[in-house]
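Participant: Throughout, this note's numbering is defined as the position within the sequence shown, counted from one, plus 7.
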Amino acid sequence: MTLGDAMNKPLSEVLGPDQLAAAPLSGAGPTATPVLNPLALQALIEHAGSTAAARFARDFLNLLEGRLTKVDAALGLADPMSALNAVLILKASAAMLGAEQMTLYCTGLELELRGHRIPRAGALPRLAADLTSALAGAVATTFPTDAKGPAPAP
8 MTLGDAMNKP LSEVLGPDQL AAAPLSGAGP TATPVLNPLA LQALIEHAGS TAAARFARDF
68 LNLLEGRLTK VDAALGLADP MSALNAVLIL KASAAMLGAE QMTLYCTGLE LELRGHRIPR
128 AGALPRLAAD LTSALAGAVA TTFPTDAKGP APAP
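1. At the level of alpha carbons, what is the spacing between Arg65 and Thr148?
2. To the nearest whole angstrom, what separates the beta carbons of Ala93 and Arg124, a pair I think is in contact under 8 Å?
3. Is the region 84–98 close to the region 116–131, with three or more CB pairs under 8 Å?
4. If you check the beta carbons only, do Lys102 and Leu138 fall under 8 Å apart?
5. Whose C-alpha, out of Asn69, Gly129, Asp79, Ala80, is nearest the C-alpha of Ser100?
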């Protein structure tokens, strides 16, 4: 299933019952954890500036599917070192943006990998779809239309 396929389906349709049961305890599924924490995104803006934060958010979205593919491929090959590396990269960038559900899920995958277990990452496409939608909306409303250059003068 591709990221696009998972976008409009509930998690229970994306994952089978055995995948739901085998998913790491990491925040995936219906929880009170927000998809995107606007306070973390605001902290990134304050730390890096609006232009750099917007570029980081857009780069994150552009790289997300490739990062998910790397995680999935490494897990499929039962390559724990490559999987851990891919999960940590995804986790760090998600945390910087305030992608809380993605960060929690990656933390669960990390714990499984550090425990010498090869988990399934079946919830990643659904979490990525939710995050993509939330982050695209946040980028559109938070940042100037052209975040690559200076904001227009009033």
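In this text, a Cβ means the ideal position worked out from N, Cα and C, and glycines have one as well.
Facilitator: The relevant details are as follows:
1. On the sequence shown, residue 65 is found 58 positions in, with the first residue counted as 1. On the sequence shown, residue 148 is found 141 positions in, with the first residue counted as 1. Rounded to the nearest angstrom, the two C-alpha atoms are 13 Å apart.
2. Stepping through the sequence shown from its first residue, residue 93 is reached at position 86. Stepping through the sequence shown from its first residue, residue 124 is reached at position 117. Actually they do not touch by this definition, with Cβ atoms about 16 Å apart.
3. yes
4. Within the sequence shown, the letter at position 95 stands for residue 102. Within the sequence shown, the letter at position 131 stands for residue 138. The sequence given here has Ala at residue 102, not Lys. Contact flag unset, no.
5. Along the sequence shown, read from residue 1 onward, the residue named residue 100 stands at position 93. Per the Cα distances, Asn69.
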